[in-house]
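Here my numbering is used: the first residue of the sequence shown is 9, the next is one more, and so on. Positions of the beta carbon are idealized from the N, C-alpha and C atoms, including for glycine. All values reported here derive from a predicted model rather than from experimental measurement.
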Amino acid sequence: MAALQSLFAAEVKGEDAEVSLAWLAEEDLLEGTTVDFAVSLIRGVTNSKPDLDEVIQRYAPAWPVPMLSVVDRNILRIALYELLHTPNVPPKTAVDEAVELAKMFGSDNSARFVNGVLGSVMTELDTVEIASADIRPEGR
């Protein structure tokens, strides 16, 4: 949740997400482990954004990434980063958390949309490599 709120604020305000996280951590008295995990997600999403957006576009071709709501776009980026780059996060957990965030922060249709996109990605991960081998981590 902290990573999503920070990425959202950064995109809306045009500032660094870690600045937003620092403010959020102080305001909400977040634990150090929460902040560390949020920082790793923020940095991962930020560094992988073009690749993550390409995957979103591939699995939601009717919705250009820039036209997605800021919330949905960042929820998908976080979940995809976890699915594709963090083998220590169980895939089902990444999807479930993304759907819950979409229910909390998105529109009425966000949870269904996020679940559909991530479900398609999961099916592809389970059956075949996602088209770009450099997107998938070792062991996934």
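- Contact between residue 15 and residue 123 does not hold, since their C-beta atoms are separated by about 20 Å, which reaches or exceeds 8 Å.
- Residue 46 places its beta carbon 7 Å or farther from that of residue 125.
- Ranked by how close their Cα comes to the Cα of residue 109, the residues 128, 93, 134 and 85 have 85 in first place.
- Residue 113 and residue 79 have their C-alpha atoms some 7 Å from each other.
- Contact check for residue 18 and residue 42: beta-carbon distance about 18 Å, past the 8 Å limit, so the pair fails to qualify.
- Residue environment: residue 95 is assigned as exposed (fewer than 16 neighbouring CB atoms within 10 Å of its CB, all protein chains considered).
- One thing to note: residue 89 has its Cβ within 7 Å of the Cβ of residue 53.
- Going by beta carbons, residue 59 and residue 73 fall outside the 7 Å limit.
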